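*Asks:* Provided herewith is a single structure, encoded as structure tokens, for subsequent inquiry.
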Amino acid sequence: MAMKFRTLKRHFKEGLKNSWRNSWMTLASVAAVTTTLLLVAVFLALVFNLNHIASGLEEDVQIKVLVDQTANEEEMEELSEELEGLDNVESVVFSSRDEEWQDLMTSMGDQGEAWGLFEQDNPLNDAFVVTAEEPQDTVAIANVIIEDFDYVERVNYGQDFVQNLFTFNNYARIVGAVLIIALVFTAIFLISNTIKITIIARRKEIEIMKLVGATNWFIRWPFFVEGLLLGILGSILPIAVLFTGYYYIDQNMSAVNQFDFVQLLPFTPFVWQLAGLILLIGAVIGVWGSVMSVRKFLKV
Amino acid sequence: MIEMQQVKKTYPNGVTALNGIDINIDPGEFVYLVGQSGAGKSTFIKLIFREEIASSGQIRVNNRDLLEMKWKDVPLLRREIGVVYQDFKLLPKMTVYENVAFALEVVEESPRQIRKRVMEVLDQVGLKNKARFIPDELSGGEQQRVAIARAMANYPKLLIADEPTGNLDPDTSWEIMKILEEINGTGTTIIMATHSKEIVNTIKRRVIAVEGGLIVRDQHRGEYGYEV
Ligand SMILES: Nc1ncnc2c1ncn2[C@@H]1O[C@H](COP(=O)(O)OP(=O)(O)OP(=O)(O)O)[C@@H](O)[C@H]1O
Ligand SMILES: [Mg+2]
């Protein structure tokens with residue numbers, strides 16, 4: 000499909016001329032792309048950030064193996080070796096009952112000091128903190144420990160929380176993807192139908208082009224250009240909204256945010272990457288919709 | 000130039016327009032296609048141009064097998080054939096010049112070549128001085144001449160015309176015929192479907208008569224043969 004430069008120039012000129020001549024159609028199509036991309040931008044920003052936050056939490060997921068209080072040192076040593084021998088385990092860290100007590104006190108803050116009086120009666124167990132290589136394996140590893148290991152009193156890994164987190168995350172991803180795909184196809188459909196209305200007027204031109212031996216690509220190219228233009232125009236507003244909106248939220252979040260585990264993706268490079276993606280989706284919607292609309296008229 | 004063997008064409012609605020056509024047309028011939036309305040003349044012309052595809056049989060045009068032909072080769076075939084219709088098929092918003100240049104832009108001719116060739120063919124049909132007019136500012140005969148100029152722009156070896164004088168008064172029709180004869184004189188094969196008894200009986204050429212989708216007569220220097 001080698002094309003001469005002047006032909007390419009002609010296609011661009013034609014495409015721009017047609018968009019200008021059918022300015023109402025152009026406006027309607029741009030509005031359709033803009034609406035879609037606004038929704039897509041919000042969704043993507045949300046999904047990517049949820050993903051980011053969730054995987055941050057996933058990283059923190061650990062299994063705490065509470066050692067049976069009756070276990071002696073030898074038995075504890077044995078357990079330690081067995082834990083380290085498990086597949087897919089990244090690290091096993093021992094934490095004595097005194098350390099556990101200190102951690103608990105610290106996490107309770109002021110109240111903790113009052114409890115400090117009871118230190119002699121420390122009811123806590125010695126513990127091993129096990130971290131999985133892959134956060135997703137956490138549940139499976141915990142189950143093995145519960146079922147197969149001796150000298151274990153209990154295993155804590157925020158069972159429900161971890162499971163829910165993984166499930167929620169997966170759903171968010173799937174729902175987000177489905178919604179975005181549905182939105183994108185709706186926009187393509189809208190555009191292809193809007194442009195089809197204007198093609199009726201250009202039908203004769205296309206027919207004559209075919210009569211004098213134009214290839215289908217020759218006829219398609221101006222529409223390709225037109226679609227590209229629609230896509231780019233349609234992504235301007237969503238990208239502007241994305242930049243200002245994200246900047247605003249990012250600023251406010253870091254001002255109020257005491258939970259350091261809820262970290263948004265950093266403005267740079269995230270917003271730039273997302274803007275690029277939005278532009279790309281816009282271009283695909285425009286080009287696809289536009290090129291699809293000529294399809295019917297190319298037969299014969 | 001054109002060879003057909005047992006060509007049949009049935010439209011999707013079940014109408015059989017051609018029902019076994021065998022014909023040979025040599026380079027340089029001038030052929031009239033006559034027959035009553037609905038006989039299958041336009042269908043015959045559309046098959047040559049591959050605007051329609053034959054349902055069965057064999058068609059060769061310019062040594063291309065039209066039934067085996069790939070879709071991407073259809074434009075190449077069309078560049079070798081000029082077409083002229085009863086209703087001219089000009090683009091109303093373009094000037095005469097642009098209408099003709101259009102056919103050359105499509106095949107990616109260089110701007111210099113386009114300018115030269117457009118003026119050449121406009122001269123050939125006697126419209127050099129009306130290059131800047133739009134079709135609405137021209138008479139029917141002049142519009143048909145523009146269409147002929149466009150058809151000739153690509154130096155086709157074959158010109159097919161479906162009732163080119165169908166919308167024109169007798170005087171204008173003769174002008175068009177004169178131009179077609181000149182074109183034929185330079186070696187271009189011409190196939191022309193017509194209902195004009197006067198033309199066929201005056202400018203005597205090969206006549207192929209079609210009836211009910213079959214060739215019923217094929218005469219050199221023939222007559223129209225139907226009462227009007
Ligand atoms: N696109 C089509 N779809 C279905 N039937 C068609 C189509 N084109 C033509 N026909 C039918 O095929 C038959 C031949 O038509 P065609 O147009 O070839 O006749 P014609 O000889 O050119 O007639 P005329 O002199 O009136 O132009 C007719 O019965 C017509 O109704
Ligand atoms: Mg006809």
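These protein sequence lines map, in sequence, to chains G and P.
With the first letter of the first sequence counted as 1, position 139 gets the number 138 in numbering that gives the first Met the number 0; the numbers rise by one all the way through.
With the first letter of the second sequence counted as 1, position 10 gets the number 9 in numbering that gives the first Met the number 0; the numbers rise by one all the way through.
Glycine included, C-beta positions come from ideal geometry on N, C-alpha and C.
A quick note: this is a predicted structure, and the numbers were derived from the prediction, not measured.
1) Any C-beta of chain P within less than 9 Å: which residues of the segment 196 to 217 of chain G qualify?
2) Does the beta-carbon of residue 21 (chain G) have 16 or more other beta-carbons within 10 angstroms, so that it is buried, or is it exposed?
3) Between residue 43 (chain P) and chain G, is the shortest Cβ-Cβ distance under 8 Å, so that the two count as touching?
4) Taking only heavy atoms of ligand 2 into account, decide whether any of them is closer than 7 Å to the Cβ of residue 8 (chain P).
5) To the nearest whole angstrom, what separates the beta carbons of residue 172 (chain P) and residue 198 (chain P), a pair I think is in contact under 8 Å?
6) Any idea if residue 108 (chain P) is buried or exposed, counting beta-carbon neighbours within 10 angstroms, 16 or more meaning buried?
7) In chain order, which continuous runs of the beta strand (DSSP E) of length 3 or greater are located wholly inside the segment 5 to 86 of chain G?
8) Along chain G, which residues have their Cβ under 8 Å away from the Cβ of residue 77 (chain P)?
9) Anyone know if the C-beta pair for residue 124 (chain P) and residue 147 (chain P) falls short of 8 Å?
10) What does residue 206 (chain G) pair with, by DSSP beta-bridge criteria?
11) Within the present structure, is the beta-carbon of residue 127 (chain P) separated from the nearest heavy atom of ligand 2 by less than 7 Å?
12) Nearest chain P C-beta to residue 219 (chain G) closer than 8 Å, yes or no?
13) If the criterion is Cβ atoms closer than 8 Å, does the pair residue 30 (chain P) and residue 205 (chain P) meet it?
14) How many Å lie between residue 183 (chain G) and residue 11 (chain P) at the Cα?
15) Under a three-way DSSP split, which group does residue 288 (chain G) fall into?
16) For residue 59 (chain P) and residue 212 (chain G), which I take to be in contact (beta-carbon distance under 8 Å), what is that distance rounded to the nearest angstrom?
17) State the Cα-Cα distance for the pair residue 86 (chain P) and residue 234 (chain G), rounded to the nearest angstrom.
18) Is there a C-beta anywhere in chain P that falls below 8 Å from the one on residue 294 (chain G)?
19) What residues from the segment 2 to 31 of chain G come within 9 Å of chain P, judged by C-beta to C-beta, listed N to C?
20) Buried or exposed for residue 55 (chain P), going by 16 or more other Cβ atoms inside 10 Å?
21) So with Cβ pairs under 8 Å, would you call residue 90 (chain P) a contact of chain G?
22) State the beta-bridge partners of residue 59 (chain P) as determined by DSSP.
23) According to the neighbour-count rule (16 or more other Cβ atoms, all chains shown, within 10 Å of its Cβ), is residue 252 (chain G) buried or exposed?
24) Can you list the residues near ligand 2, meaning Cβ strictly closer than 7 Å to any non-hydrogen atom, in the order they appear in the chain?
25) List, in order along the chain, the chain G residues whose C-beta lies closer than 7 Å to that of residue 74 (chain P)?
26) Mind checking if residue 105 (chain P) is an interface residue toward chain G, Cβ cutoff 8 Å exclusive?
27) Does residue 201 (chain G) pass the burial test, meaning 16 or more other C-beta atoms within 10 Å, or should it be called exposed?
28) Starting from residue 149 (chain P), find everything on chain G with Cβ-Cβ shorter than 8 Å and list it in chain order.
29) If the cut is a Cβ gap below 9 Å, which residues of chain G does residue 82 (chain P) touch?
30) Check the Cβ of residue 192 (chain P) against every Cβ in chain G and list those closer than 7 Å, keeping chain order.
31) Three Cβ pairs or more, each shorter than 8 Å: is that satisfied between the segment 263 to 277 of chain G and the segment 216 to 232 of chain G?
32) Looking at the structure shown, is residue 8 (chain P) part of a helix, part of a strand, or coil, going by DSSP?
33) Strictly under 8 Å for the Cβ-Cβ distance: is residue 102 (chain P) near chain G by that measure?
34) For residue 196 (chain G), count neighbouring Cβ atoms within 10 angstroms of its own Cβ and tell me buried if that reaches 16, exposed if not.
35) Between the segment 79 to 90 of chain G and the segment 6 to 21 of chain P, do three or more beta carbon pairs fall short of 8 Å?
*Replies:* In short, the structure shows the following:
1) 203, 204, 206, 207, 208, 209, 210, 211, 212, 213, 214, 215 and 217
2) Start at 1 with the first residue of the first sequence, and residue 21 (chain G) comes out as number 22. The residue is buried, with at least 16 neighbouring Cβ atoms inside 10 Å.
3) By 1-based counting over the second sequence, the position of residue 43 (chain P) is 44. No, no contact with chain G.
4) For the purposes of this step, residue 8 (chain P) is taken as the residue at position 9 of the second sequence. Outside the cutoff, so no.
5) Position 173 of the second sequence, counted from the start, is the residue given in the question as residue 172 (chain P). Position 199 of the second sequence, counted from the start, is the residue given in the question as residue 198 (chain P). With 8 Å as the limit, residue 172 (chain P) and residue 198 (chain P) qualify as a contact, their Cβ atoms being about 7 Å apart.
6) In the second sequence, residue 108 (chain P) corresponds to position 109, counting from 1. Label assigned to residue 108 (chain P): buried.
7) Segments of the beta strand (DSSP E) lying fully in the segment 5 to 86 of chain G: 62 to 66.
8) The residue labelled residue 77 (chain P) in the question sits at position 78 within the second sequence. Result: 209, 210, 211 and 212.
9) Taking the first residue of the second sequence as 1, we reach residue 124 (chain P) at position 125. Taking the first residue of the second sequence as 1, we reach residue 147 (chain P) at position 148. Yes.
10) Translated into the one-based positions of the first sequence, residue 206 (chain G) becomes position 207. Paired residue(s): none; residue 206 (chain G) is not in a bridge.
11) For the purposes of this step, residue 127 (chain P) is identified with residue 128 of the second sequence, where counting begins at 1. Residue 127 (chain P) Cβ: outside cutoff for every heavy atom of ligand 2.
12) Here residue 219 (chain G) refers to the residue found at position 220 of the first sequence. No, its Cβ sits nowhere closer than 8 Å to a Cβ of chain P.
13) Working through the second sequence from its first residue, we reach residue 30 (chain P) at position 31. Working through the second sequence from its first residue, we reach residue 205 (chain P) at position 206. Yes, the Cβ-Cβ distance between residue 30 (chain P) and residue 205 (chain P) is below 8 Å.
14) Position 184 of the first sequence holds residue 183 (chain G). Position 12 of the second sequence holds residue 11 (chain P). Separation of residue 183 (chain G) and residue 11 (chain P) (C-alpha to C-alpha, rounded to the nearest whole angstrom) is 36 Å.
15) To locate residue 288 (chain G), count along the first sequence from 1; it is residue 289. It is helical.
16) For this step, residue 59 (chain P) is matched to residue 60 along the second sequence. For this step, residue 212 (chain G) is matched to residue 213 along the first sequence. About 19 Å; that fails the 8 Å criterion.
17) Here residue 86 (chain P) is taken as the residue at index 87 of the second sequence, counted from 1. Here residue 234 (chain G) is taken as the residue at index 235 of the first sequence, counted from 1. Their Cα atoms are separated by approximately 44 Å.
18) Within the first sequence, residue 294 (chain G) is the residue found at index 295, counting from 1. Chain P contact via Cβ: absent.
19) 2, 3, 5, 6 and 9
20) Sequence index remark: in the second sequence, residue 55 (chain P) carries index 56 (1-based). Exposed, since its Cβ has fewer than 16 Cβ neighbours within 10 Å.
21) As a working mapping, residue 90 (chain P) is identified with position 91 in the second sequence. For residue 90 (chain P), the answer is yes, since a Cβ of chain G falls inside 8 Å of its Cβ.
22) Translated into positions along the second sequence, residue 59 (chain P) becomes position 60. For residue 59 (chain P), which the question treats as bridged, DSSP gives the partners P:2 and P:64.
23) The residue labelled residue 252 (chain G) in the question sits at position 253 within the first sequence. It is exposed - the Cβ of residue 252 (chain G) has fewer than 16 other Cβ atoms within 10 Å.
24) P:40, P:41, P:161, P:162 and P:192
25) Within the second sequence, the letter at position 75 stands for residue 74 (chain P). The contacting residues are 212, 213 and 214.
26) Against the second sequence, residue 105 (chain P) aligns to sequence position 106. Chain G contact via Cβ: present.
27) By 1-based counting over the first sequence, the position of residue 201 (chain G) is 202. So residue 201 (chain G) counts as buried.
28) Numbered from 1 along the second sequence, position 150 holds the residue referred to as residue 149 (chain P). Chain G residues near residue 149 (chain P): 211.
29) In the second sequence, the residue the question calls residue 82 (chain P) occupies position 83. Residues of chain G passing the Cβ test: 210 and 211.
30) By 1-based counting over the second sequence, the position of residue 192 (chain P) is 193. Those within 7 Å of residue 192 (chain P) in chain G number zero; the least Cβ separation is about 16 Å.
31) Because the criterion of three Cβ pairs below 8 Å is not met, the segment 263 to 277 of chain G and the segment 216 to 232 of chain G do not touch.
32) As a first step, residue 8 (chain P) must be located in the second sequence, where it is residue number 9. Looking at residue 8 (chain P) - three-state DSSP - the assignment turns out to be strand.
33) Counting from 1 along the second sequence, the entry for residue 102 (chain P) is found at position 103. True, the Cβ-Cβ gap to chain G drops below 8 Å.
34) Stepping through the first sequence from its first residue, residue 196 (chain G) is reached at position 197. With fewer than 16 other Cβ atoms within 10 Å, it is exposed.
35) no
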